[in-house]
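Numbering (numbering that gives the first Met the number 0), first residue to last: 0 to 152. Below is one structure, written out as structure tokens; the observations come after it.
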Amino acid sequence: MRRTGGLAILGAVLLAAGVATGDTVSEAQKSVDQRVAAMKEMGGKINEAFQLSGANTADARTKLAAALAIAQSIPSRFPAGTADGDAGVTTRALPKIWSDHAGFQKAADGLAAALKAADAKLAANDSAGADAAFTDVRKACATCHESYRGKAK
Ligand code: HEC
Numbered sequence: 000m001r002r003t004g005g006l007a008i009l010g011a012v013l014l015a016a017g018v019a020t021g022d023t024v025s026e027a028q029k030s031v032d033q034r035v036a037a038m039k040e041m042g043g044k045i046n047e048a049f050q051l052s053g054a055n056t057a058d059a060r061t062k063l064a065a066a067l068a069i070a071q072s073i074p075s076r077f078p079a080g081t082a083d084g085d086a087g088v089t090t091r092a093l094p095k096i097w098s099d100h101a102g103f104q105k106a107a108d109g110l111a112a113a114l115k116a117a118d119a120k121l122a123a124n125d126s127a128g129a130d131a132a133f134t135d136v137r138k139a140c141a142t143c144h145e146s147y148r149g150k151a152k
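Listed below in structure tokens is the structure:
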């Protein structure tokens, strides 16, 4: 099959590029590693914001702003060639991210909106509202993961 052949050639080219630079990590894998690190950082900022939300609203909002910046970068962190099944990458990113890009974008927008809503509650010193908003933030993570993230590798 043409397509399989093309992928095999691409794999060989990537392998050759890796060998030439003495670098064993493919560019595609670097993208994956960077987005996984970004996701972890985002989760960390949100946890910190949640912990701070009762005591120090200003610091909590700073953490949320950092999380929002990462959330807004999510769609750009999935270049072609970085899906589960592509050559040279180990990733949980399902091909559906690319076949249903509008849905993926919508899930990312949903997280951004949930983070903004949490920030608005903090700004208003509404602590019960903020707690509920943090629950919505976690739901927004799960909504995307359920559809677009595969099994742990
Ligand atoms: C728009 C979709 C989307 C949203 C929203 C999203 N994630 Fe993810 N997340 C993914 C995908 C896809 C992966 C797998 C990335 C890979 O393996 O290349 C992932 C991976 C991760 C990882 C890396 C470790 C692992 O389990 O694979 C963490 C941690 C994570 N997400 C946390 C979060 C948290 C916390 C939130 C919400 C604050 C969130 N994510 C929101 C799509 C999303």
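For glycine and all other residues, C-beta sits at the position ideal for the given N, C-alpha and C.
Applying the 10 Å Cβ sphere with the 16-neighbour rule, what's the burial state of residue i?
| i | result |
| --- | --- |
| Gly-21 | Confidence at Gly-21 is low in this model, with a pLDDT of 48, below 50, so the placement of that residue should be treated as unreliable; the coordinate-derived value is given next. Under this definition Gly-21 is an exposed residue. |
| Val-136 | buried |
| Ala-131 | exposed |
| Ser-98 | exposed |
| Ala-151 | exposed |
| Ala-57 | exposed |
| Asp-118 | buried |
| Ala-101 | exposed |
| Ala-27 | buried |
| Ala-122 | exposed |
| Ala-54 | exposed |
Would you report the Cα separation of residue i and residue j, rounded to the nearest angstrom?
| i | j | result |
| --- | --- | --- |
| Gln-104 | Lys-95 | 12 Å |
| Gly-80 | Val-88 | 8 Å |
| Ala-127 | Leu-114 | 15 Å |
| Ala-139 | Ser-75 | 18 Å |
| Lys-120 | Ala-86 | 45 Å |
| Ala-116 | Thr-23 | 43 Å |
| Asn-46 | Ala-107 | 18 Å |
| Arg-148 | Asp-32 | 15 Å |
| Leu-51 | Ala-59 | 5 Å |
| Ala-92 | His-144 | 9 Å |
| Thr-61 | Asn-124 | 15 Å |
With which residues is residue i paired in a DSSP beta bridge?
| i | result |
| --- | --- |
| Ala-92 | Arg-148 |
Whole-angstrom Cβ separation of residue i and residue j, contact assumed at under 8 Å?
| i | j | result |
| --- | --- | --- |
| Gln-71 | Ala-37 | That belief does not hold up - the Cβ atoms of Gln-71 and Ala-37 are roughly 11 Å apart, past 8 Å. |
| Leu-63 | Ala-48 | 5 Å |
| Glu-40 | Ile-69 | 6 Å |
| Ser-146 | Pro-78 | Not confirmed; about 19 Å, so no contact. |
| Gly-109 | Thr-142 | 6 Å |
Under a CB-based cut-off of 9 Å, is residue i close to chain C?
| i | result |
| --- | --- |
| Ser-75 | The question asks about chain C, but that chain is absent: this structure has only one protein chain. |
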